[in-house]
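Here's the structure we're looking at; comments come further down.
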Amino acid sequence: MTRFAVLASGAGTNLQAILDAVASGQIAAEPSLVLTDRPNAKALDRAQAAGIPRAVLPFKDFESRETFTDAVVAEVKSSGADFVVLAGFMRILAPAACEAYPNAIINTHPSLLPAFQGASAVAEAIAYGVTVTGCTVHLIDEELDHGPIIVQEAVPVLPGDDEESLHERIKVVEHRLLPEVVANFAQGRYRVDGRHVALT
Numbered sequence: 007m008t009r010f011a012v013l014a015s016g017a018g019t020n021l022q023a024i025l026d027a028v029a030s031g032q033i034a035a036e037p038s039l040v041l042t043d044r045p046n047a048k049a050l051d052r053a054q055a056a057g058i059p060r061a062v063l064p065f066k067d068f069e070s071r072e073t074f075t076d077a078v079v080a081e082v083k084s085s086g087a088d089f090v091v092l093a094g095f096m097r098i099l100a101p102a103a104c105e106a107y108p109n110a111i112i113n114t115h116p117s118l119l120p121a122f123q124g125a126s127a128v129a130e131a132i133a134y135g136v137t138v139t140g141c142t143v144h145l146i147d148e149e150l151d152h153g154p155i156i157v158q159e160a161v162p163v164l165p166g167d168d169e170e171s172l173h174e175r176i177k178v179v180e181h182r183l184l185p186e187v188v189a190n191f192a193q194g195r196y197r198v199d200g201r202h203v204a205l206t
């Protein structure tokens, strides 16, 4: 069976959506590892409850982004993962990750890329005054929030929205889209041609 690793930094709500989809049979693949850069991440509790191996690699323990990435790749490879899902992982990986898993690292981002790249996407959308933002699930490449887009869905920005209220509505979409993408990826249903990703 296809195996995949999940990298998460926080509460792990996207991770939980994936685990629920595995349990229901929507995702026909096995989580091989949950890795976090934060020892107190709730994602670790979710992994433990599901019986999935866990790894903690605090970024401060490494000399550089490159040595951190090398350690992440080593953990992921030793778990037997065929592909990787970044589910709220707040560290930027060095190019070695893409070299180890070319077109096989999935990320979810709370905007309609290429708009509002980076960690402050939701706050920036509100500050800019857009009336629509959304969620993007994409493959990563060597640039930040830049890789080929797999799927996007719009989320309206409502009058009176703050960062928290808007982000909660985006998460609802993320929790649906990300498991769908993982399920399709596990079945080898995506064909990548440059920046274009087709579902076959």
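Quick note on numbering: the sequence shown equals residues 7 to 206 in our numbering.
The beta-carbon is built from N, C-alpha and C at its ideal position, and this holds for glycine as well.
- Checking the DSSP bridge columns, you'll see N190 has no partner listed.
- Rounded to the nearest angstrom, the gap between the Cα atoms of C141 and A131 is 12 angstroms.
- With a cutoff of 8 angstroms on beta-carbon distance, E72 and A106 are scored as not near each other.
- Note: N113 is bridge-paired with L92, H144 in the DSSP secondary-structure output.
- For A133, the closest C-alpha among the options F89, Q158, M96, D167 is that of D167.
- The residue from F122, L63, A23 with its alpha-carbon nearest to that of A93 is A23.
- When Q158, G124, F95 are compared, the shortest CA-CA separation from P64 is found for F95.
- Between the alpha carbons of G124 and S84 lies a gap of roughly 29 angstroms.
- Selection R195, D199, R182 evaluated against V28 yields R182 as nearest (Cα-Cα).
- By the C-beta density criterion, S117 is buried, having at least 16 other C-beta atoms within 10 angstroms.
- L150 is classed as exposed because its beta carbon has fewer than 16 other beta carbons within 10 Å across all chains shown.
- Annotated three-state conformation of P37 is strand, per DSSP.
- In this structure, V187 lies away from V161, with their beta-carbon atoms at least 8 angstroms apart.
- In the DSSP annotation of this structure, the continuous segment of the beta strand (DSSP E) that includes I155 starts and ends at 155 to 162.
- For T206, the three-state secondary structure derived from DSSP is coil.
- Spanning the alpha carbons of I33 and D147 requires a straight line of approximately 24 angstroms.
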